[in-house]
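Asks: Take a look at the following structure, please.
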Amino acid sequence: MTQIDHVHVPLGERAYDVVIGQGLLAQAGALIRPHLHRPRAAILTETRVAGLHLEALQAGLQASDIASSAHALVPGEATKGWAGLAEAVEWLLDAKVERRDMVIALGGGVIGDLGGFAAAVLRRGVRFVQIPTSLLAQVDSSVGGKTGINTRHGKNLVGAFHQPSLVLADIDLLDSLPARDFLAGYGEVVKYGLLGDAAFFDWLEVNGPALARGDKALRQHAVRVSVEMKAGIVARDETEQGERALLNLGHTFCHALEAATGYSDRLLHGEGVAIGCALAFDLSARMGLCAQETPGRVRAHLRAMGMKADLADIPGDLPGPEALIALMGQDKKVQDGRLRFILAREIGDAFVCDDVPEALLGEVLHDACATRC
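Using my numbering, read the sequence shown as starting at 82 and increasing by one per residue.
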């Protein structure tokens, strides 16, 4: 029997556990049953994930006499919008999901965000369980209660804080991920070391390659450490009034790049986070906040993992620095019209900064764009 880790997210009446381990789909019924008022659940997923994991999940539920129905949406970031939300909510209403019932979001970040938001607005709030199937979702988007959709104005601009009742992070599900998707999720893992745990970044430099090759013990350790860090931050700042903003390291750059690439598979979210982290360290070094060699160390690790690390790694055309800065103006972290960045004094020492000189930001982006020539 492999070890199962439990990470508690202490939020009073909204507290919950993140369960991390192997073989959790088979145990899903036993783990979810204590949270049910009646033995039924409604599963929101997407077609690719459904083909891989839905049957196993429903068998795990049935083992505890939990009946379930499921609806699979079209995969991809484009689903995380108004139309996808309407489809999910209407199906849940068709399924006669009641306020005390349970919705299960089985999928990556798109399904977790969309399913959580659907649960948040359905009958003014229905409980839900996150079963994240991607590394990115296991270490980041499934924990903390951020739910939402994208609009034509930008990413995640419509949503709600709606905490799950339980998160099941089954390490075995990561075996089905394409290598690119796994490495994209690793962008969020490395972010945790960069923002607040230099020792974890040191550990990743040593163990990252074996983790990517499939070592499940290393994968579980990385997921647990990432979730523990996020759970601690969320417990101290649930609605992002202060410290939780640190979790957005790299994201101001990332969201602008995602918008510039049309939220397409030209750039996956975790790839944008990795590039954004490297750019955030470039900006930090340009402002004299961290050592000049630190951005190079960050990029060296990303390269060693076979990841995107520069704008030059994004296929196709990109707008210039001025247009990218304009896209940043729609970011949720803008306050009083001023861009807010997460910068760093060193690896593991990030902080919020809202007085970045636009000229320096332009220089960083100009140099980054020049690498594409």
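For every residue, glycine included, the Cβ atom is placed at its ideal position computed from N, Cα and C.
Identify the continuous beta strand (DSSP E) that holds K236 and give its terminal residues.
Replies: For the purposes of this step, residue 236 is taken as the residue at position 155 of the sequence shown. Unbroken beta strand (DSSP E) run through K236: G235 to F242.
Asks: Under three-state DSSP, which class holds H89?
Replies: In the sequence shown, the residue the question calls residue 89 occupies position 8. Three-state DSSP puts H89 in a strand.
Asks: Please give me, in chain order, every unbroken run of the beta strand (DSSP E) with length at least 3 that falls completely inside the stretch 205-286.
Replies: Entirely contained in the stretch 205-286, the beta strand (DSSP E) runs reaching 3 residues are, in chain order, 208-213, 227-232, 235-242 and 247-251.
Asks: Under the rule that 16 or more other beta-carbon atoms within 10 Å means buried, what is K177, buried or exposed?
Replies: To locate residue 177, count along the sequence shown from 1; it is residue 96. It is exposed - the Cβ of K177 has fewer than 16 other Cβ atoms within 10 Å.
Asks: Below 8 Å, how does it come out for the stretch 397-406 and the stretch 371-378: are there three or more Cβ pairs, yes or no?
Replies: Touching, no.
Asks: Considering only DSSP beta bridges, list what G410 is partnered with.
Replies: Mapped onto the sequence shown, residue 410 falls at position 329. In the DSSP output, where bridge partners are listed per residue, G410 has none listed.
Asks: Give me, in chain order, the residues of the same chain whose beta-carbon lies closer than 6 Å to that of A164; leave out the 5 immediate sequence neighbours on both sides.
Replies: For the purposes of this step, residue 164 is taken as residue 83 along the sequence shown, with counting starting at 1. Taken in chain order, the list of residues that qualify is empty.
Asks: What is the DSSP secondary structure of E136, reduced to helix, strand or coil?
Replies: One-based indexing of the sequence shown puts residue 136 at position 55. Reduced to three states, the DSSP call for E136 is helix.
Asks: Under 8 Å, do T320 and F242 count as touching if we go by C-beta distance?
Replies: Residue 320 sits at position 239 when you count from the first residue of the sequence shown. Residue 242 sits at position 161 when you count from the first residue of the sequence shown. For T320 and F242, yes; Cβs fall inside 8 Å.
Asks: Taking Cβ positions, are A96 and H87 nearer each other than 8 Å?
Replies: As a working note, residue 96 is residue 15 in the sequence shown. As a working note, residue 87 is residue 6 in the sequence shown. No, the Cβ-Cβ distance between A96 and H87 is not below 8 Å.
Asks: Between I356 and A390, which are expected to be in contact by the criterion C-beta below 8 Å, what is the C-beta distance as a whole number of angstroms?
Replies: To locate residue 356, count along the sequence shown from 1; it is residue 275. To locate residue 390, count along the sequence shown from 1; it is residue 309. Going by Cβ atoms, the distance from I356 to A390 rounds to 6 Å, so yes, they are a contact pair.
Asks: Where does C371 sit, in a helix, a strand or coil, going by DSSP?
Replies: Taking the sequence shown and counting its residues from 1, the one referred to as residue 371 is at position 290. Reduced to three states, the DSSP call for C371 is coil.
Asks: In this structure, does DSSP put V379 in helix, strand or coil?
Replies: Counting from 1 along the sequence shown, the entry for residue 379 is found at position 298. V379: helix per DSSP, three-state reduction.
Asks: Between the Cα of L408 and those of G351, R305 and A337, spot the shortest distance and give me the residue it belongs to.
Replies: Here residue 408 refers to the residue found at position 327 of the sequence shown. The option with the nearest alpha carbon to L408 is A337.
Asks: Identify whether I192 lies in helix, strand or coil by the three-state DSSP scheme.
Replies: The sequence position of residue 192 within the sequence shown is 111, counting from 1. Here I192 sits in helix by DSSP.
Asks: Going by alpha carbons, who is nearest to L249 out of E427, L112 and V437?
Replies: Residue mapping note: residue 249 aligns to position 168 of the sequence shown, counting from 1. Nearest of E427, L112 and V437 to L249, Cα basis: L112.
Asks: Can you give, in chain order, each stretch of the alpha helix (DSSP H) that sits fully within the stretch 331-362 and has at least 4 residues?
Replies: 332-341, all fully within the stretch 331-362.
Asks: Using 8 Å as the Cβ pair cut-off and three pairs as the minimum, do the stretch 341-357 and the stretch 260-270 touch?
Replies: The stretch 341-357 is in contact with the stretch 260-270.
Asks: For I101, write down the residues that DSSP places opposite it in a beta bridge.
Replies: As a working note, residue 101 is residue 20 in the sequence shown. In the DSSP output, where bridge partners are listed per residue, I101 has D86 and A250.
Asks: Would A326 and V445 qualify as a contact pair, given that the criterion is a beta-carbon distance under 8 Å?
Replies: Counting from 1 along the sequence shown, the entry for residue 326 is found at position 245. Counting from 1 along the sequence shown, the entry for residue 445 is found at position 364. Going by C-beta atoms, A326 is not nearer than 8 Å to V445.
Asks: Is the stretch 175-195 touching the stretch 218-226 in the sense that three or more CB pairs, one from each, lie closer than 8 Å?
Replies: Yes: the two stretches touch, three or more of their Cβ pairs being nearer than 8 Å.
Asks: With a cut-off of 8 Å on the beta carbons, I'd call I230 and K161 a contact; round off their distance for me.
Replies: As a first step, residue 230 is located in the sequence shown; it is residue number 149 there, counting from the start. As a first step, residue 161 is located in the sequence shown; it is residue number 80 there, counting from the start. Sure, about 5 Å apart at Cβ, within 8 Å.
Asks: Quick test of your reading: L135 and A151, contact by CB under 8 Å. State the CB separation rounded to the nearest angstrom.
Replies: Here residue 135 refers to the residue found at position 54 when the sequence shown is read from its first residue. Here residue 151 refers to the residue found at position 70 when the sequence shown is read from its first residue. Yes, they are in contact, since the Cβ atoms of L135 and A151 sit about 6 Å apart, within 8 Å.
Asks: Excluding sequence positions up to five away, which residues of its chain have a Cβ less than 7 Å from the Cβ of E168?
Replies: Here residue 168 corresponds to residue number 87 of the sequence shown, with the count starting at 1. Around E168: L154.
Asks: In the structure shown, what three-state DSSP assignment does V184 receive?
Replies: For the purposes of this step, residue 184 is taken as residue 103 along the sequence shown, with counting starting at 1. In this structure, V184 counts as strand in the three-state DSSP scheme.
Asks: Whole angstroms are fine: how far does the CA of A140 sit from the CA of I147?
Replies: For the purposes of this step, residue 147 is identified with residue 66 of the sequence shown, where counting begins at 1. For the purposes of this step, residue 140 is identified with residue 59 of the sequence shown, where counting begins at 1. Spanning the two alpha carbons is a distance of roughly 9 Å.
Asks: Determine the direct distance from the alpha carbon of G132 to that of L442, and round the result to whole angstroms.
Replies: Start at 1 with the first residue of the sequence shown, and residue 442 comes out as number 361. Start at 1 with the first residue of the sequence shown, and residue 132 comes out as number 51. Going by the C-alpha atoms only, they are around 44 Å apart.
Asks: Mind checking R300: buried by the 16 CB within 10 Å criterion, or exposed?
Replies: As a position in the sequence shown, residue 300 is number 219, starting the count at 1. It is buried - the Cβ of R300 has at least 16 other Cβ atoms within 10 Å.
Asks: Would you mind stating whether C358 and L328 have Cβ atoms separated by less than 8 Å?
Replies: For the purposes of this step, residue 358 is identified with residue 277 of the sequence shown, where counting begins at 1. For the purposes of this step, residue 328 is identified with residue 247 of the sequence shown, where counting begins at 1. No; because the gap between Cβ atoms is not below 8 Å, this pair is not in contact.
Asks: Apart from the five residues just before and just after L364, which ones in its own chain have a Cβ nearer than 8 Å to its Cβ?
Replies: Taking the sequence shown and counting its residues from 1, one reaches residue 364 at position 283. Hits under 8 Å: F422, L424, V437, L441, L442 and V445.
Asks: Kindly indicate which three-state DSSP category L117 falls into: helix, strand or coil?
Replies: Residue mapping note: residue 117 aligns to position 36 of the sequence shown, counting from 1. If DSSP states are grouped into helix, strand and coil, L117 belongs with coil.
Asks: How should A122 be labelled, buried or exposed, when 16 other C-beta atoms within 10 angstroms of its C-beta is the threshold for buried?
Replies: Working through the sequence shown from its first residue, we reach residue 122 at position 41. It counts as buried.
Asks: If you draw a straight line from the C-alpha of G102 to the C-alpha of V224, how long is it?
Replies: By one-based count along the sequence shown, residue 102 stands at place 21. By one-based count along the sequence shown, residue 224 stands at place 143. Approximately 16 Å between the Cα atoms of the pair.
Asks: Please list, in chain order, all residues of the same chain as R453 whose beta carbon is under 6 Å from its beta carbon, the five residues on each side excluded.
Replies: One-based indexing of the sequence shown puts residue 453 at position 372. Excluding positions up to five away in sequence, the list reads L392 and A393.
Asks: Report the CB separation of V170 from L203 in whole angstroms; it is logged as a contact under 8 Å.
Replies: Position 89 of the sequence shown holds residue 170. Position 122 of the sequence shown holds residue 203. V170 to L203, Cβ: 6 Å. Contact.
Asks: Quick check: what's the CA-CA separation for V184 versus A107?
Replies: Position 103 of the sequence shown, counting from 1, holds the residue named residue 184. Position 26 of the sequence shown, counting from 1, holds the residue named residue 107. Cα to Cα, V184 sits roughly 18 Å from A107.
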